[in-house]
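> Sequence positions in the sequence shown follow the working numbering and run 7 to 226. For each residue, glycine too, the CB sits at the ideal point set by N, CA and C.
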Amino acid sequence: MSDQSSAEDLWRPEDAQARRDYWENVHDGKDVDGVSWWQSVPGLSLGLVDESGVDPSDPVIDVGAGWSTLADHLLERGYTDVTAIDLSRTALDTVRERVGDLGRHLTLDVADVLDLDTGRRYALWHDRAVYHFLTEQDERDDYRASLQRGLRPGGWFVVATFGPDGPTTCSGLPIVRYTHDELVAEFPGYTLHGTAGEDHLTPWGTNQQFTAVLLRAPDA
Numbered sequence: 007m008s009d010q011s012s013a014e015d016l017w018r019p020e021d022a023q024a025r026r027d028y029w030e031n032v033h034d035g036k037d038v039d040g041v042s043w044w045q046s047v048p049g050l051s052l053g054l055v056d057e058s059g060v061d062p063s064d065p066v067i068d069v070g071a072g073w074s075t076l077a078d079h080l081l082e083r084g085y086t087d088v089t090a091i092d093l094s095r096t097a098l099d100t101v102r103e104r105v106g107d108l109g110r111h112l113t114l115d116v117a118d119v120l121d122l123d124t125g126r127r128y129a130l131w132h133d134r135a136v137y138h139f140l141t142e143q144d145e146r147d148d149y150r151a152s153l154q155r156g157l158r159p160g161g162w163f164v165v166a167t168f169g170p171d172g173p174t175t176c177s178g179l180p181i182v183r184y185t186h187d188e189l190v191a192e193f194p195g196y197t198l199h200g201t202a203g204e205d206h207l208t209p210w211g212t213n214q215q216f217t218a219v220l221l222r223a224p225d226a
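Listed below in structure tokens is the structure:
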């Protein structure tokens, strides 16, 4: 694992309600381009989803979706079973309004990925910029438990974090940066099928280095 945030003394939410309140506050009252991670076209994510070869009729989940347009693009491509979860109801309401009639193929839930059990198992799990907020080992363990519950045997997993030259904080919170190898090592038993990266240009013109991998879960 690359060096943990140099701002380890920053306040961070310690429980589910604090996390929910924090991220609701991040989204409430802002325009979509008021957050650093905003992308009109999530090219890195779409490329790895395409590489997985998952069928558009298979269930796909985007965790920590926020205002992401990934769901929009998947629906426009003909995906018919897309779920997006986030801690912010405001963010998900914005997505619902944006997708319009295509929303009949989209499930939106206010939920915490650290304690997620939708009662379903997905063919593909997507996470852009949630995992790097998990600075504590118990949080990462909880995430992996949710992933195991929610991903089908042999299912696909796309995860992206800040890279080793990326920022050390995001939205006022400390993060952990990863190389490709370090990110793969976080998910023992999963098989690496692809890597990607990008220098994301924020709405105000600064660069954020992202590292991403495409992994496949064990068959059983």
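Tell me, please, whether the stretch 137 to 149 touches the stretch 98 to 109 by the rule of three or more beta-carbon pairs shorter than 8 Å.
no
> Report the rounded CA-to-CA distance for G125 versus R222, giving the unit in angstroms.
Taking the first residue of the sequence shown as 1, we reach residue 125 at position 119. Taking the first residue of the sequence shown as 1, we reach residue 222 at position 216. Computed Cα separation, rounded: 20 Å.
> Leaving aside the five residues before and after Q10 along the sequence, list all residues of the same chain whose C-beta is less than 6 Å from its C-beta, in chain order.
For the purposes of this step, residue 10 is taken as the residue at position 4 of the sequence shown. Here Q10 scores only 45 on pLDDT, less than 50, and its place in the model should not be relied on; the value that follows carries that caveat. Taken in chain order, the residues that qualify are V182.
> For G70 and T197, I'd like the C-alpha separation in whole angstroms.
Here the question's residue 70 lines up with position 64 in the sequence shown. Here the question's residue 197 lines up with position 191 in the sequence shown. C-alpha separation (whole angstroms): 23 Å.
> Quick test of your reading: D118 and A22, contact by CB under 8 Å. State the CB separation rounded to the nearest angstrom.
Within the sequence shown, residue 118 is the residue found at index 112, counting from 1. Within the sequence shown, residue 22 is the residue found at index 16, counting from 1. Right, their Cβ atoms sit about 5 Å apart.
> For D92, count the other beta carbons within 10 Å of its own beta carbon; 16 or more makes it buried, fewer makes it exposed. Which is it?
Residue mapping note: residue 92 aligns to position 86 of the sequence shown, counting from 1. D92 is buried by the Cβ-count criterion.
> For F193, name the three-state secondary structure that DSSP assigns.
Stepping through the sequence shown from its first residue, residue 193 is reached at position 187. The answer is coil: DSSP assigns F193 none of H, G, I, E or B.
> Quick one: what's got a C-beta closer than 8 Å to D27's C-beta in the same chain, skipping five residues either side?
Position 21 of the sequence shown holds residue 27. Here the set comprises P19.
> Is there at least one non-hydrogen atom of the ligand ZN closer than 7 Å to the beta-carbon of L120?
Of ligands this structure carries none, so the ligand ZN is not represented either.
> T141 by DSSP, collapsed to three states: which one?
The sequence position of residue 141 within the sequence shown is 135, counting from 1. Coil, per DSSP.
> Please list the segments of the beta strand (DSSP E) lying wholly inside the stretch 147 to 188, counting only runs of 3 or more residues, in order along the chain.
157 to 168
> Should V66 and L130 be called a contact, given that it needs their Cβ atoms to be closer than 8 Å?
Within the sequence shown, numbered from 1, the residue matching residue 66 stands at position 60. Within the sequence shown, numbered from 1, the residue matching residue 130 stands at position 124. Contact: yes.
> Which whole-angstrom value describes the C-beta separation of T217 and G169, a residue pair presumed to lie in contact below a C-beta threshold of 8 Å?
For the purposes of this step, residue 217 is identified with residue 211 of the sequence shown, where counting begins at 1. For the purposes of this step, residue 169 is identified with residue 163 of the sequence shown, where counting begins at 1. That belief holds up - the Cβ atoms of T217 and G169 are roughly 4 Å apart, short of 8 Å.
> Roughly how many angstroms lie between the CA atoms of A166 and Y184, to the nearest whole one?
What you label residue 166 is simply residue 160 of the sequence shown in a count that begins at 1. What you label residue 184 is simply residue 178 of the sequence shown in a count that begins at 1. About 9 Å.
> Would you kindly check if the distance between the Cβ of G72 and the Cβ of A202 is under 8 Å?
One-based indexing of the sequence shown puts residue 202 at position 196. One-based indexing of the sequence shown puts residue 72 at position 66. No. Outside cutoff.
> Looking at T86 and H111, is the spacing between their C-beta atoms short of 8 Å?
By one-based count along the sequence shown, residue 111 stands at place 105. By one-based count along the sequence shown, residue 86 stands at place 80. Yes. Within cutoff.
> Threshold first: 3 residues or longer. Then list the beta strand (DSSP E) segments lying entirely within the stretch 49 to 95, N to C.
66 to 69 and 88 to 92
> Would you kindly work out how many angstroms separate the C-alpha atoms of E57 and G161, rounded to a whole number?
To locate residue 57, count along the sequence shown from 1; it is residue 51. To locate residue 161, count along the sequence shown from 1; it is residue 155. Computed Cα separation, rounded: 13 Å.
> By how many angstroms is the C-alpha of T174 removed from the C-alpha of S12?
For the purposes of this step, residue 12 is taken as the residue at position 6 of the sequence shown. For the purposes of this step, residue 174 is taken as the residue at position 168 of the sequence shown. For S12, the predicted structure reports a pLDDT of 42, less than 50, and the residue's modelled location is therefore unreliable. A value from the coordinates is still provided. Taking the straight line joining both Cα atoms gives about 7 Å.
> For P62 versus P159, is the C-beta spacing smaller than 8 Å?
To locate residue 62, count along the sequence shown from 1; it is residue 56. To locate residue 159, count along the sequence shown from 1; it is residue 153. Against a cut-off of 8 Å, the Cβ pair of P159 and P62 comes out as no contact.
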